[in-house]
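Step one of this worksheet: look at the structure below.
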Amino acid sequence: MQYNVKIDAFEGPLDLLLHLINSLEIDIYDIPVASITEQYLSFIHTMKELELDVASEYLVMAATLLAIKSKMLLPQHDENLEEELEFEMEEDPRNELVERLIEYRKYKEAATDLKHLEEERGLIFTKPPSDMSDYSKEQTADKSNLDVSLYDMLGALQKLLRRRKLQKPLSTRISRQEIPIEQRMQEIVRELKKAGRRKKFFDLFPIHEKEHIVVTFLAILELMKRSEILVEQEGNFADIYVMGKE
Amino acid sequence: MEIVHWNGILESLLFAAGDEGLSLKQISQVLEIDQIHAVEIVNLYKENCNSDPNRGITVVQFGETYQLATKKENSPYLKKLVESPHTATLSQAALETLAIIAYKQPITRIEVEEIRGVKTDRPIQTLVAKALIKEVGRAEGTGRAILYGTTKEFLDYFGLRSLKELPPLPERVEEEYEQEEADLFFEKFQETIDS
Amino acid sequence: MEIVHWNGILESLLFAAGDEGLSLKQISQVLEIDQIHAVEIVNLYKENCNSDPNRGITVVQFGETYQLATKKENSPYLKKLVESPHTATLSQAALETLAIIAYKQPITRIEVEEIRGVKTDRPIQTLVAKALIKEVGRAEGTGRAILYGTTKEFLDYFGLRSLKELPPLPERVEEEYEQEEADLFFEKFQETIDS
Chain S
1 MQYNVKIDAF
11 EGPLDLLLHL
21 INSLEIDIYD
31 IPVASITEQY
41 LSFIHTMKEL
51 ELDVASEYLV
61 MAATLLAIKS
71 KMLLPQHDEN
81 LEEELEFEME
91 EDPRNELVER
101 LIEYRKYKEA
111 ATDLKHLEEE
121 RGLIFTKPPS
131 DMSDYSKEQT
141 ADKSNLDVSL
151 YDMLGALQKL
161 LRRRKLQKPL
171 STRISRQEIP
181 IEQRMQEIVR
191 ELKKAGRRKK
201 FFDLFPIHEK
211 EHIVVTFLAI
221 LELMKRSEIL
231 VEQEGNFADI
241 YVMGKE
Chain V
1001 MEIVHWNGIL
1011 ESLLFAAGDE
1021 GLSLKQISQV
1031 LEIDQIHAVE
1041 IVNLYKENCN
1051 SDPNRGITVV
1061 QFGETYQLAT
1071 KKENSPYLKK
1081 LVESPHTATL
1091 SQAALETLAI
1101 IAYKQPITRI
1111 EVEEIRGVKT
1121 DRPIQTLVAK
1131 ALIKEVGRAE
1141 GTGRAILYGT
1151 TKEFLDYFGL
1161 RSLKELPPLP
1171 ERVEEEYEQE
1181 EADLFFEKFQ
1191 ETIDS
Chain B
2001 MEIVHWNGIL
2011 ESLLFAAGDE
2021 GLSLKQISQV
2031 LEIDQIHAVE
2041 IVNLYKENCN
2051 SDPNRGITVV
2061 QFGETYQLAT
2071 KKENSPYLKK
2081 LVESPHTATL
2091 SQAALETLAI
2101 IAYKQPITRI
2111 EVEEIRGVKT
2121 DRPIQTLVAK
2131 ALIKEVGRAE
2141 GTGRAILYGT
2151 TKEFLDYFGL
2161 RSLKELPPLP
2171 ERVEEEYEQE
2181 EADLFFEKFQ
2191 ETIDS
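Protein chains in written order, with the working numbering: chain S, 1 to 246; chain V, 1001 to 1195; chain B, 2001 to 2195.
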């Protein structure tokens, strides 16, 4: 069977097993251990061939599966007439794994519910508290009734991070999204001239926006390729300087 | 007449409090009425907002606080205007971890890891940093491992009034699963017939 | 009927815009109507708010922008809210400010304001008064603005031995974020190579 799924598509060996069980349309209460083990191992093998760092948890699960598989084989050596009795008395070696799978699946589904709630919540917008400093008198320097925890502080920070920014007028937003590399290259050359031809590499990244940083970096690479700038570093970990050509 | 008056004051108060929200206690203190009366006023105000298409905001309750928020149905317009932060959504690992903690709190990291079958340090770190979970105590016995539970921010983040509003855990998985299988069967069956 | 609909949407938009307010141009763009029509809608909404004692908010205009604000006649209640004993704990504004200073110290007020997007004099005053932050130096350059940092009391209060014990910020733990950046980089890189 061909798998074109990556390891990071799974949240661990239990998740991978659930995936196999679902895609093979197997009854979770009656897992054909031999075939599922085979599938599981071939999956792990594929990941290894891809030189992916197979987390140790996956290998532990492989060992568990093999152990169950060998236990399952044992009763077959018993006499036929005793077989039924044996089965009733001895615990099914798969039980523990099945329980773990079912328990895990429960929370995996709960996680999906949470994801939906998260999306729903994303549809409603709130506003930050108004500035009410005009209404309050001087705060007293009283610490005694301070009742906040570190988590309240983190919570406030989260609200701040979540706070949505008003977008620029729609028309200018579109032009803002794309920064042509060519334009950024010209800007850099100009900046270097202004700075007397030499500037710290990091000073060429004035705007800490992903888009801008990436474009700036590509612009520098392109300028280097065209030999329009020189880049120099005096030693390992020293500051990198960018210089313009005369 | 007085109720009308209070409605307006309540709106002013809720507006000013913003996403910090107001507790019933605060509302009743400022309006100088008892809490039962305060609940009535809040509910009346909420009904007015919800039933009036002229209104674009309403009251929501997250945790123990009430706050104003825009109506869901207007989100398409709002999305044209304000940008949602890109850090918005939680990863699958974080969601699973959070689900386990939410339903089984207080719980230690080790116990979470037993259920998930993988290391869970990082998702827990993320959730603490996002103030969705916090240390609520220490487990007894050696090691005294940290016990985690959910926070106020958790309720706000998922729009819940209390933990009781969490969707029930799918306990009777078997039936559901069989149903699912049956559905799948009919689907396949249909496909076969249709083709 | 349509005007009713717009009224609600307008309210949602103005509410979410908060203190930043909205220009007529923004309103007309989001509602996809011309500006003359937009003025009509804003005025109608304003009239509704002003004439209805049930409403505690209304529209005010500062220069080019419209924004929602609480009605003046309700200010005694807002005053009461601010002074109510509950607010003796830190306000969200103060908590946000404290968090920013804790993680980014030493930092000037202006820098805090850049992050928060609002004036921060008052929260800083409060935090200094409560001895959670203090002046730790002066910024270089003209103005020599005050640099703020947290105090020993801050550590005591939150039960931290040192600042290193502060939980990591979400960005630091979120791997996906870095991944996303890397993806964006390679995407752009590919485009450059292809072109």
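C-beta: ideal position from N, C-alpha, C; glycine also.
Check whether the Cβ atoms of residue i and residue j lie closer than 9 Å to each other.
i         : j         : result
B:LYS2152 : B:LEU2090 : no
S:ILE124  : V:GLY1159 : yes
S:ILE240  : S:GLU228  : no
S:THR216  : S:LEU230  : no
V:TYR1066 : V:LEU1014 : yes
B:ALA2017 : S:LEU160  : no
S:GLU211  : S:ILE181  : no
V:THR1150 : V:ILE1115 : no
B:ASN2074 : V:ILE1009 : yes
B:ASN2054 : V:GLU1011 : yes
V:GLY1063 : V:ASP1156 : yes
S:VAL242  : S:ARG198  : yes
S:TYR104  : S:LEU16   : no
S:TYR40   : S:ALA55   : no
V:ASP1019 : S:THR64   : no
S:GLU49   : S:PRO13   : no
V:VAL1082 : V:PRO1106 : no
V:PRO1170 : S:ALA110  : yes
S:ILE220  : S:ILE102  : no
B:TRP2006 : B:ILE2033 : yes
B:GLN2029 : V:LYS1080 : yes
S:LYS69   : S:THR112  : no
With 16 as the cutoff for other CB atoms within 10 Å, does residue i come out buried or exposed?
i         : result
S:LEU170  : Legend: pLDDT at S:LEU170 = 46, less than 50; position of this residue unreliable, value from coordinates given subsequently. Counting Cβ neighbours within 10 Å, S:LEU170 comes out exposed, since fewer than 16 surround it.
V:ALA1038 : buried
S:TYR107  : buried
S:ALA34   : exposed
S:MET224  : exposed
V:VAL1059 : buried
V:SER1162 : exposed
S:GLN158  : buried
S:ILE207  : exposed
S:GLN186  : exposed
S:LYS245  : exposed
V:GLY1141 : exposed
S:PRO128  : buried
V:GLU1096 : buried
S:ASP152  : buried
S:LEU59   : exposed
S:GLU119  : exposed
If contacts are defined as beta-carbon pairs under 8 Å, then residue i and residue j qualify, I think. What distance do you get, rounded to the angstrom?
i         : j         : result
S:GLU134  : B:LYS2119 : Reading off the sequence shown, one finds Asp at residue 134 of chain S, where the question assumed Glu. With 8 Å as the limit, S:ASP134 and B:LYS2119 do not qualify as a contact, their Cβ atoms being about 11 Å apart.
V:TYR1148 : V:ILE1124 : 7 Å
B:ALA2145 : B:ARG2109 : 7 Å
S:LYS71   : S:PRO93   : 4 Å
Please compile the residues from chain S whose C-beta is within a distance smaller than 7 Å of the C-beta of residue i.
i         : result
V:GLY1159 : LEU117, GLU120, ARG121
B:GLY2018 : LYS127, PRO128
B:LYS1987 : Lying before the first or after the last residue shown, residue 1987 of chain B is absent from chain B, which here runs from 2001 to 2195.
B:ARG2122 : SER133
V:LYS1134 : TYR151
Run through chain S and tell me which residues come within less than 8 Å of residue i, C-beta to C-beta.
i         : result
B:SER2096 : Checking the sequence shown, residue 2096 of chain B turns out to be Glu, not Ser. Result: ALA156, LEU157, LYS159, LEU160.
B:GLN2092 : PRO128, PRO129, ALA156, LYS159
List, in chain order, every chain B residue whose beta-carbon is nearer than 9 Å to that of residue i.
i        : result
S:MET224 : Within 9 Å Cβ-Cβ: nothing; S:MET224 doesn't reach chain B, min ~13 Å.
Chain V partners of residue i, CB-CB under 7 Å?
i         : result
S:LEU114  : LEU1095, LEU1098, ALA1099, PHE1158
B:ARG2055 : GLY1008, GLU1011
B:HIS2206 : As shown, chain B starts at 2001 and ends at 2195. That puts residue 2206 of chain B outside it, with no answer to give.
What residues of chain S sit near residue i, judged by a beta carbon separation below 9 Å?
i         : result
B:VAL2059 : Within 9 Å Cβ-Cβ: nothing; B:VAL2059 doesn't reach chain S, min ~15 Å.
V:TYR1103 : LYS106, TYR107, ALA110
Can you pull the chain B neighbours of residue i, defined as C-beta to C-beta under 8 Å?
i         : result
V:LYS1152 : Chain B residues near V:LYS1152: none, gap ~12 Å exceeds 8 Å.
Report the neighbours of residue i on chain V: residues whose CB is nearer than 8 Å to its CB, in chain order.
i         : result
B:VAL2030 : TYR1077, LYS1080, LEU1081
S:PRO32   : Those within 8 Å of S:PRO32 in chain V number zero; the least Cβ separation is about 16 Å.
S:GLY12   : ARG1116, GLY1117, VAL1118
S:ILE124  : VAL1060, ALA1069, THR1070, LYS1071, LYS1072, SER1075, GLY1159
S:GLU57   : GLY1117, VAL1118, LYS1119
What residues in the segment 100 to 111 of chain S bring their beta carbon closer than 8 Å to a beta carbon of chain V? ARG100, ILE102, GLU103, TYR104, ARG105, LYS106, TYR107, LYS108, GLU109, ALA110, ALA111
When Cβ atoms are compared, which residues of the segment 2060 to 2076 of chain B fall closer than 9 Å to chain V? LEU2068, ALA2069, THR2070, LYS2071, GLU2073, ASN2074, SER2075
Along the segment 2042 to 2054 of chain B, what residues have a CB closer than 9 Å to any CB found in chain V? TYR2045, ASN2048, ASP2052, PRO2053, ASN2054
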